[in-house]
Amino acid sequence: MQTSKQFSLGPVAWRLVRPPVRPRRRSARASTRGRPSSCSIIGRAEARARLPGPLCSQAMAPSATDAPSLEARRHVTDLSLSALVLVLVAEAAVTPSLVELGLVGRHLSDASFMGLLAIAVWLLFDSSRLGRVLVVAAVGCAGLRVANLDAPDASLRLADALLAGFVLLLLAALALRYTLADGRFNLHRVAGAIAGYLALGLAFAQAHRLVAMHAEGAYLLLGQPAGYSTIVPRLNYFSFVVLTSLGFGDITPAHAVARSLTVLQSLVGVLYPAALVGWVVARVGRPPRT
């Protein structure tokens, strides 16, 4: 009678009310078999939400003596997120203003971006596939910047915009992966979410740069068509105006592709904080893992 009552609950409800199954104990010899020698990050029970970043991307079961090391490495990862925010703010807000005022030339602007790539790789590199792709893409982007400084060419400019946007998207993905990893949610994790937001804004600026490169007058500056050299120093500003839905109106998209890209970016800017707040609320309400 009890069995038929259980079946009447249905398979989904039965998973909710059935007694938990105790996991088998593994011997010490079996638990150490196949462990990586250089990574001691997080238990196998947490392998789905492993802590990535400068720590290590592989999972293994930590012993009691590994707990202080685990907390210290998590703290290093959190500090990396905060440091990344400062670098991205400088690239998004400080450098373009200096270029527009004529205080910084094109060469120094490119050097600043290459410095951003170097610091970001140093902060976020891990042994995962995404981390390795970031290193390769950042090296390629830096090489294109150097080549374009020595011999400016339209094809190099196109490849540079594509690769720079790809690297910034990788930075956003890594920053979000660190932010959403297991561990205590603190101000550094908030900084990681902000870093992902800033990296997305810079990536969209590169996309707008591609549009301006192939469609002369795709953007209007104070109601007048703006050429590529005029609009490029202002694209970071325009990108974050769109991303934050400010809409000042001093720069407006005139080309069909520019308008579509602007609509897509405004949707991302609205949905990003909503999705992140939903994740934080769900995380706070979730019972801790045992």
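This note's numbering applies: residue 213 is where the sequence shown begins, and numbers increase by one. Beta carbons: idealized from backbone N, C-alpha and C, even for Gly.
Does DSSP put Pro364 in a helix, a strand or coil? Coil.
For Gly413 versus Ser457, is the C-beta distance shorter than 8 Å? no
Ala384 classed as buried or exposed, judged by whether at least 16 other C-beta atoms fall within 10 angstroms: buried
For a quick check, are the C-beta atoms of Ala427 and Ile443 less than 8 Å apart? no
Range covered by the alpha helix (DSSP H) that runs through Pro465: No alpha helix (DSSP H) holds Pro465; the beta strand (DSSP E) holding it covers Ile463 to Pro465.
Range covered by the beta strand (DSSP E) that runs through Leu433: From DSSP, the beta strand (DSSP E) with Leu433 extends over Tyr431 to Leu433.
Nearest candidate by alpha-carbon position, reference Ser292, set Ala407, Leu488, Ala323 and Val379: Ala407
Contact set for Thr464: own chain, Cβ-Cβ below 6 Å, skip 5 residues either direction: Leu432
Are Val299 and Ile331 close, meaning C-beta to C-beta below 8 Å? Their beta carbons are under 8 Å apart, which means Val299 touches Ile331 by this criterion.
I'd like the span of the alpha helix (DSSP H) that includes Ala405, first residue to last. Leu399 to His426
Could you check whether Ala419 and Leu473 sit closer than 8 Å to each other, using their CB atoms as the reference points? yes
Work out the CA separation of Ala350 and Ala376 for me, nearest whole Å. 8 Å
Could you check the C-alpha separation between Leu380 and Arg341 for me, to the nearest Å? 16 Å
For Phe416, count neighbouring Cβ atoms within 10 angstroms of its own Cβ and tell me buried if that reaches 16, exposed if not. buried
Gln436 bridges to which residues according to DSSP? Leu433
Measuring straight from C-alpha to C-alpha, what distance separates Val454 and Leu329? 24 Å
Are there 16 or more other CB atoms within 10 angstroms of the CB of Ala486, so buried, or fewer, so exposed? exposed
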